[in-house]
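Participant:
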Amino acid sequence: MADKTDQAAAQTVGRQELSKRIAKQAKLSQKQASEVLEATLTAIREALQNGDEVRLVGFGSFKVRQSAARKGVNPRDRKPIEVPAKERVRFFPGKELSEAVLKK
Numbered sequence: 000m001a002d003k004t005d006q007a008a009a010q011t012v013g014r015q016e017l018s019k020r021i022a023k024q025a026k027l028s029q030k031q032a033s034e035v036l037e038a039t040l041t042a043i044r045e046a047l048q049n050g051d052e053v054r055l056v057g058f059g060s061f062k063v064r065q066s067a068a069r070k071g072v073n074p075r076d077r078k079p080i081e082v083p084a085k086e087r088v089r090f091f092p093g094k095e096l097s098e099a100v101l102k103k
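Pasting the structure below:
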């Protein structure tokens, strides 16, 4: 039950809050920090679209993986359906990030 209260107390950090934090830490204006964040996200997106892996040592890596086709069930009428294979973006946390998140 403690997990639910921890999750309720945690807030979601969006782009605006992230750019505020970047600005404060890097001593940039919020506009500059926002541009840096957008440029970073664009670079990651483009690398993944080209089939590249994005590896940020100490943080984690983003990869495009092929998910297999599988059988599923339509929840409306309970009839079996075929779910096609597709490419998915996967994030694999690095060791440092995993250890930083652990509650001690």
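First residue of the sequence shown? That's 0 in numbering that gives the first Met the number 0, and the numbers climb one at a time after it. Glycine included, C-beta positions come from ideal geometry on N, C-alpha and C.
(1) Between the alpha carbons of G101 and F90, how many angstroms are there, rounded?
(2) Contact defined as beta carbons within less than 8 Å: I believe A68 pairs with V82. What is the distance between those atoms, to the nearest angstrom?
(3) DSSP state of Q65, grouped into three classes?
(4) By a C-beta neighbour count over all protein chains shown, 10 Å radius and 16 as the cutoff for buried, is A32 buried or exposed?
(5) Should S105 go down as buried or exposed, given a rule of 16 or more other Cβ atoms within 10 Å for buried?
(6) If I follow the unbroken beta strand (DSSP E) through R89, where does it start and stop?
Facilitator: Well, looking at it:
(1) Note that residue 101 is Leu in the sequence shown here, rather than Gly. Rounded to whole angstroms, the separation of the alpha carbons of F90 and L101 is 17 Å.
(2) Indeed, because the Cβ distance is near 7 Å, the residues count as touching under 8 Å.
(3) Strand, per DSSP.
(4) A32 is classed as buried because its beta carbon has at least 16 other beta carbons within 10 Å across all chains shown.
(5) The question about residue 105 has no answer here: the residues shown for the chain are numbered 0 through 103.
(6) From DSSP, the beta strand (DSSP E) with R89 extends over K85 to P92.
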